[in-house]
Amino acid sequence: MSTAAVTDKRPSTLRAASLPRWTPWAIAAGSLALGIGISLAAGLDSRIQWGLIAAVLFVLGTYGVAARVEGRRQAKDRVATSLVWVAFLLAVVPLVSLIWVTVARGIKVLDVYFLTHSMGVVADTEPGGGIYHAIIGSLEQVGLATLIGAPIGVLTAIYLVEYGRGRLAKAVTFFVDVMTGIPSIVAGLFILSLMLIFEMQPFGFAGSLALAILMMPVVVRSTEEMLKLVPNELREASLALGVPKWRTILKVVLPTSIGGITTGIMLAVARIAGETAPVLLLVFGNPFINNNPFEGAQASLPLYIYQQFANSAGSGAAYDRAWAASLTLIAFVMILNLVARGIARWKAPKTGR
């Protein structure tokens with residue numbers, strides 16, 4: 001037998017020992033079983049405590065097994081991966097639990113009648129009624145806020161990216177940062193002070209103004225980041241052809257980033273759709289249908305949920321209506337996010353060879 005043949009059959013010494021692919025799942029199952037056993041032996045009744053103990057055991061078990069088989073260096077890498085998975089589960093479990101509870105409790109009274117009728121003369125402690133008036137109020141208030149806040153936010157971002165230089169741009173950026181962190185109640189109090197000065201009664205458009213204030217900084221920040229992602233070569237090529245700057249922005253920059261801008265606007269809309277404090281101060285709530293946001297008190301879904309929970313003491317009907325309205329609001333926000341993703345994918349720049 002030749003030396004080359006012997007060399008080919010000799011196992012490679014460069015390949016280190018490696019754990020099978022099913023090892024993390026086995027460690028996770030063992031950690032979960034051991035964590036439940038330790039928790040029961042210690043008298044712990046909370047499943048959250050069970051999960052935390054199992055997570056700690058999973059990380060420690062991963063390091064111990066990997067260090068013994070693959071070495072300490074590879075074990076550290078696996079521990080880092082395990083920590084990422086544990087952090088992911090810690091973030092997902094509350095979200096899944098919230099959606100599960102909302103669906104389980106909100107589906108009881110969520111039907112066509114609930115979506116197409118208002119509270120009217122139905123008392124909060126009585127069964128029946130619906131959220132039709134609240135849906136109309138939310139759509140009108142959020143829609144008007146979007147018509148006000150989205151154009152102002154986009155134009156402000158264009159100014160900061162394309163034209164902003166000097167102290168004015170720094171001042172605008174500073175105030176945008178400040179507005180991003182203001183509580184929603186502050187925006188409501190600002191509009192309320194104006195209403196008191198002019199002796200105005202609660203009406204839907206006042207809530208839209210407060211929601212627009214909360215929406216604008218989000219739109220500015222998201223649009224600004226999208227505009228910064230547009231390559232400068234596109235701007236330079238357009239300007240080199242003699243196209244004015246405003247037309248370059250309108251025909252080159254905005255179409256290139258329109259998908260990201262639309263996504264940012266939709267996320268801002270989803271953010272303001274659940275605000276309760278400004279609506280409580282400015283819109284005041286109304287059990288009857290009011291299609292005119294410029295006159296009279298008006299309902300909205302967040303305010304309806306708050307009022308039903310506040311009046312649910314001793315009334316299972318109000319409690320069920322609150323959960324059903326919460327499920328409707330979650331579905332509304334989810335639809336907005338899906339629409340934003342669809343528009344972003346549709347308007348994304350086409351790539352090719």
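In terms of the UniProt record's numbering, the sequence shown has 260 at position 260, counting the first letter as 1, and numbering is strictly consecutive. Each residue gets a CB set at the ideal place from its N, CA and C atoms; glycine is no exception.
### Message
For Gln-298, list the residues DSSP reports as bridge partners.
### Response
Phe-284
### Task
Count the other C-beta atoms from every protein chain shown that fall within 10 angstroms of the C-beta of Ala-324, then say buried if there are 16 or more, exposed otherwise.
Its Cβ being crowded by 16 or more others within 10 Å, Ala-324 is buried.
#### Entry: C-alpha distance - Phe-309 paired with Gln-201, whole-angstrom precision
25 Å
### Task
Kindly confirm or deny that the segment 221-233 and the segment 273-281 touch, where touching means at least three C-beta pairs closer than 8 Å.
no
### Task
May I have a chain-ordered list of the beta strand (DSSP E) segments no shorter than 3 residues that lie completely inside the segment 63-150?
Counting only runs of 3 or more, we get nothing.
### Task
Under 7 Å Cβ to Cβ from Glu-140, same chain only, skipping five residues before and after it: list those, please.
Gly-204 and Pro-293
### Query
If you drop the 5 nearest sequence neighbours on each side, which residues of the same chain put their C-beta closer than 8 Å to that of Asn-311?
Asp-124, Thr-125 and Ala-318
### Task
Just list the alpha helix (DSSP H) runs in the segment 165-193, keeping only unbroken ones of 4 residues or longer that don't cross its boundaries, in chain order.
166-180
#### Entry: Proximal residues to Ala-55 (C-beta, below 6 Å), its chain only, five neighbours per side dropped
Val-86
### Boundaries of the alpha helix (DSSP H) in which Tyr-159 is found, first to last residue
DSSP places Tyr-159 in no alpha helix (DSSP H); its state is neither H nor E.
### Message
Going by DSSP, what residue range makes up the alpha helix (DSSP H) through Ser-238?
### Response
232-240
### The alpha helix (DSSP H) enclosing Ala-331, as first and last residue numbers
Ala-331 -> alpha helix (DSSP H) spans 316-346.
### Task
Identify whether Met-200 lies in helix, strand or coil by the three-state DSSP scheme.
coil
### Query
Ala-75 to Ala-17, Cα distance in whole Å?
12 Å
### Task
Compare the C-alpha of residue 358 against each of Ala-145, Arg-73 and Lys-108 and name the closest.
Outside the modelled stretch of the chain, which goes from 1 to 353, sits residue 358, for which no answer is possible.
### Residues of its chain near Met-179, where Cβ-Cβ distance is below 6 Å and the 5 sequence neighbours each way are ignored
Pro-217
### Message
Do Leu-267 and Thr-102 count as a contact pair if the criterion is CB distance below 9 Å?
### Response
no
### Query
What three-state label does DSSP hand Ala-41 in the structure shown?
helix
### Message
Considering only the alpha carbon of each residue, which of Ser-222, Glu-295, Gly-71 and Gly-64 lies closest to Ser-208?
### Response
Glu-295
### Message
Report the CB separation of Leu-19 from Val-69 in whole angstroms; it is logged as a contact under 8 Å.
### Response
6 Å
### Query
Assuming Gln-298 contacts Val-283 under a Cβ cut-off of 8 Å, what Cβ separation, rounded to an integer in Å, is found between them?
5 Å
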